[in-house]
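In the working numbering, the protein residues as written are 1224 to 1370.
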């Protein structure tokens, strides 16, 4: 569950019992919220756009235990607020397959600048929505595709 606890602070509560992290508090990575607004997105829609990127992080179940322990320590709310993941979104034209006569329509692709591991962890932990910081020139597209 996501709740906004101030004008520029969000709390994501995790209900999965199999993980030690109960909640994560986010603050903007870049303080200029006009140039870099924070958009609350659907985790499922974000993941489907991210899967089109060539640099996606695999499911947490495939991570080494040391990697999982490291991200859990990083996300622990006792350490204070952490930065909202920063990403970019663009429309990409994919090559048509050899049996297709028509080219594929452009598809939205999300790429992360910072925060890909924490985002994957939260998605695998079952969050429905999370805040993402994006450049203002891409905010409308991210909102349209993933909000």
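We put the CB at the ideal spot given by N, CA and C, even for glycine.
In this structure, what does DSSP give as the bridge partners for residue 1311? The sequence position of residue 1311 within the chain shown is 88, counting from 1. Answer is 1334, bridged to residue 1311.
Please tell me whether, using a cut-off of 7 Å, the distance from the CB of residue 1354 to the nearest non-hydrogen atom of the ligand PLP is below it. Annotation note on the ligand PLP: not contained in the displayed structure, which lists no ligands.
Cβ pair residue 1249, residue 1332 closer than 8 Å: If you number the chain shown from 1, residue 1249 lands on position 26. If you number the chain shown from 1, residue 1332 lands on position 109. Not a contact, by the Cβ cut-off of 8 Å.
With distances taken between CB atoms, is the gap from residue 1226 to residue 1352 smaller than 8 Å? What you label residue 1226 is simply residue 3 of the chain shown in a count that begins at 1. What you label residue 1352 is simply residue 129 of the chain shown in a count that begins at 1. For residue 1226 and residue 1352, no; Cβs fall outside 8 Å.
Closest residue to residue 1368 among 1329, 1257, 1285 and 1344 (Cα-Cα distance): Numbered from 1 along the chain shown, position 145 holds the residue referred to as residue 1368. Answer by Cα proximity: 1329.
Relative to the alpha-carbon of residue 1336, which residue among 1294, 1278, 1262 and 1286 has its alpha-carbon at the smallest distance? The sequence position of residue 1336 within the chain shown is 113, counting from 1. Of 1294, 1278, 1262 and 1286, the residue nearest in Cα terms is 1278.
Between the C-alpha atoms of residue 1311 and residue 1281, what's the straight-line distance to the nearest angstrom? Locating residue 1311 in the chain shown gives position 88, where the first residue counts as 1. Locating residue 1281 in the chain shown gives position 58, where the first residue counts as 1. Between the C-alpha atoms of residue 1311 and residue 1281 there is a straight-line separation of about 19 Å.
Considering only residues of the region 1238-1316, which uninterrupted beta strand (DSSP E) runs meet the minimum length of 3 residues and lie entirely inside it, listed in chain order? 1246-1250, 1261-1265 and 1309-1315
From which residue to which residue does the beta strand (DSSP E) around residue 1318 run? Taking the first residue of the chain shown as 1, we reach residue 1318 at position 95. Unbroken run through residue 1318: none, as it is neither H nor E.
State the CB to CB distance for the pair residue 1347 and residue 1247, rounded to an integer number of angstroms; the pair is presumed to be in contact (CB under 8 Å). Position 124 of the chain shown, counted from the first residue, corresponds to residue 1347. Position 24 of the chain shown, counted from the first residue, corresponds to residue 1247. With a contact defined as Cβ atoms closer than 8 Å, residue 1347 and residue 1247 miss out at about 13 Å.
To which residues does DSSP link residue 1355 through a beta bridge? For this step, residue 1355 is matched to residue 132 along the chain shown. Partner(s): 1262.
Please state whether the Cβ-Cβ distance between residue 1350 and residue 1257 is less than 8 Å. Your numbering for residue 1350 matches position 127 in the chain shown. Your numbering for residue 1257 matches position 34 in the chain shown. Cβ atoms of residue 1350 and residue 1257: not closer than 8 Å.
Three-way DSSP call (helix, strand, coil) for residue 1235 in this model: Here residue 1235 refers to the residue found at position 12 when the chain shown is read from its first residue. Note: residue 1235 maps to strand in three-state DSSP.
From the DSSP secondary-structure annotation, give me the bridge partner or partners of residue 1229. If you number the chain shown from 1, residue 1229 lands on position 6. Partner(s): 1232.
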